Amino acid sequence: MSTVTPVDWQTRPAPQSAEDWITRAGEVATVLATDAAARDHAGATPYAEVQLLKDSGLVTLLGPTEHGGAGQEWPTAYRVVREVSKADGSIGQLLGYHYLWNWAARLVGTREQWEHVEAEAARNRWFFGGAVNPRDADVVVTEDGDDLVFTGRKSFSTGSKVSDVTVLEGVFEGTDQHVFAIVPSDSDGLTFHDDWDNIGQRLTESGGVTLDGVRTPWASAAGYVDKKFQPRIYNTLNVPTIQLVFVSFYLGIAGGALQTAATYTREKTRPWLHGGHEHAVDEPYVIDIYGDLTAKLWAVEALADVVAAEGQRLHEEPDAVTEQSRGEFEVRVAAVKARATDVALEVSSRIFEVTGARSTASSEGLDRFWRNVRTHTLHDPVAYKRREVGRWVLGGELPEPTWYS
């Protein structure tokens with residue numbers, strides 16, 4: 028981000044309301060947008076971009092106000108991720124994952140644990156990464172006195188080198204008992220690999236990680252009391268919560284694609300020589316496509332906001348979450364995830380129909396929107412999201428809580 032003019036965020040009034048924070052996210056997006064295509068092409072580790080998220084206050088959005096956080100709620104966090112992603116889908120994903128991992132202690136841990144983690148995170152402006160990939164072989168966890176020792180490898184660790192702390196997940200040796208713990212990202216034995224070389228989301232630092240005897244005190248094992256896990260149904264809300272994060276940056280990327288394409292059409296697209304129009308913006312098919320794509324995007328954004336509000340009600344009373352309320356929420360999340368996937372792919376692909384052949388130049392960077400959406404929407408098959416909805420409609424079947432549902 029060397030070409031970006033620094034912003035002195037300290038001289039600006041601190042955001043107070045949810046709308047103020049969404050406006051702040053838009054200001055951050057404006058900074059990111061100035062060289063988004065060039066940074067995507069370079070693929071460098073986004074240290075400066077994460078520092079921007081810290082300096083602007085976005086990293087502590089969900090943190091407690093008494094420790095310097097903004098004390099905002101999940102619906103605002105989703106909107107913030109959407110705004111940032113309009114400029115840079117990679118940074119939007121990093122921020123969204125950060126919010127989830129920052130919240131992980133509250134989802135899984137005891138009150139004493141999550142209050143400590145959230146206070147430290149807000150005070151120190153920690154940026155969170157996570158080494159949790161269910162498709163890999165389990166990381167093995169063993170005991171050594173008062174410590175737990177994590178050993179293994181994960182293919183993906185989003186945030187890796189730009190994170191201050193990393194959420195680890197593993198299974199106690201010889202059991203099926205999982206354990207989460209948060210450790211400093213510079214812990215001995217924690218090695219991040221520079222092997223993230225995918226077509227999209229290139230700045231998410233999502234490469235592999237090796238855990239070679241990473242140690243952490245038993246007391247950091249989230250949700251364990253006297254070495255026994257204390258389960259709650261609220262624990263299982265992690266999947267619908269992160270799936271709504273996905274929805275947020277898919278919609279943000281789609282919105283950014285439409286905005287960028289519209290500017291290009293107004294300023295650069297030439298009218299078709301046989302169309303009889305002097306300007307491309309007067310071409311009927313151009314007007315129709317922009318209207319069609321915008322209407323579809325607005326519809327999914329509206330659904331996403333409603334589902335986010337439904338989820339907030341569950342977060343407000345975690346001990347009241349039931350299998351029924353959790354399952355019905357997951358069905359709604361599955362529905363919006365399916366629609367957001369389809370619309371984001373359509374928008375990011377069809378913009379080229381209304382920008383023209385010259386818009387495919389690498390210097391324009393319009394391809395990054397489709398590459399980013401296409402890459403991450405393969406995270407889990409959208410057909411299984413539609414199946415969750417269909418089975419609930421036809422037979423009242425609730426999705427079983429898994430790593431993906």
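For the sequence shown, counting from 1, position 210 maps to 237 in our numbering; every step adds exactly one.
For each residue, glycine too, the CB sits at the ideal point set by N, CA and C.
All of these numbers come straight from a predicted model, not from anything done at the bench.
Does the region 211-226 touch the region 54-66, meaning 3 or more C-beta pairs lie closer than 8 Å? In short, these stretches do not touch, since the Cβ pair count stays below three.
Considering only residues of the same chain and omitting the five flanking positions on each side of aspartate 163, which have a CB-CB separation below 6 Å? Lys181, Ser182, listed in sequence order.
What is the residue span of the alpha helix (DSSP H) that glutamate 170 lies within? Note, glutamate 170: premise wrong, no alpha helix (DSSP H); beta strand (DSSP E) at 167-171.
How is lysine 118 classed by DSSP in three states: helix, strand or coil? Looking at the sequence itself, residue 118 is isoleucine, so the reference to lysine does not match. Residue state, collapsed to three classes: helix.
Quick one: any contact between the region 291-301 and the region 414-432, if contact means 3 or more CB pairs under 8 Å? The way I'd put it, the region 291-301 doesn't touch the region 414-432; fewer than three beta-carbon pairs between them come closer than 8 Å.
For proline 161 versus aspartate 332, is the C-beta spacing smaller than 8 Å? Taking 8 Å as the cut-off, the beta carbon of proline 161 is found no closer than this to the beta carbon of aspartate 332.
What are the residues that DSSP puts in a beta bridge with glycine 17? Because the chain here runs from 28 to 432, residue 17 falls outside it and cannot be looked at.
What are the residues that DSSP puts in a beta bridge with tyrosine 251? DSSP, once it has assigned bridges, lists Phe256 as partnering tyrosine 251.
Mind checking leucine 425: buried by the 16 CB within 10 Å criterion, or exposed? Looking at its Cβ environment, which holds 16 or more other Cβ atoms inside 10 Å, leucine 425 is buried.
Rounding to the nearest angstrom, what Cα-Cα distance links tryptophan 128 and phenylalanine 396 in this structure? Each residue's Cα considered, the two are about 25 Å apart.
Tell me which residue opens and which closes the alpha helix (DSSP H) that lysine 323 is part of. It spans 311-343 - the alpha helix (DSSP H) in which lysine 323 sits, taken as one unbroken run.
For leucine 80, count the other beta carbons within 10 Å of its own beta carbon; 16 or more makes it buried, fewer makes it exposed. Which is it? Taking a 10 Å sphere around the C-beta of leucine 80, we find 16 or more other C-beta atoms and assign the residue as buried.
With burial defined as no fewer than 16 other Cβ atoms inside 10 Å of the residue's Cβ, what is the status of glycine 338: buried or exposed? It is buried - the Cβ of glycine 338 has at least 16 other Cβ atoms within 10 Å.
Which of the three DSSP states, helix, strand or coil, is assigned to alanine 361? Here alanine 361 sits in helix by DSSP.
Considering leucine 82, what are the terminal residues of the alpha helix (DSSP H) in which it resides? Residue identity check: residue 82 is aspartate in the sequence provided, not leucine. Its alpha helix (DSSP H) spans residues 74-82.
Please report how far the alpha carbon of glutamine 37 lies from the alpha carbon of threonine 87, in whole angstroms. Glutamine 37 and threonine 87 have their C-alpha atoms spaced approximately 15 Å apart.
Whole angstroms are fine: how far does the CA of leucine 271 sit from the CA of valine 194? Approximately 19 Å, taken between the alpha carbons.
Presumed contact (8 Å Cβ cut-off) between alanine 367 and valine 327, rounded CB distance: Taking a contact as a CB-CB distance under 8 Å, the pair alanine 367 and valine 327 counts as one, their CB atoms being some 5 Å apart.
Can you give me the C-alpha to C-alpha distance between leucine 85 and isoleucine 280, rounded to a whole angstrom? Using only the alpha carbons, I get a separation of about 18 Å.
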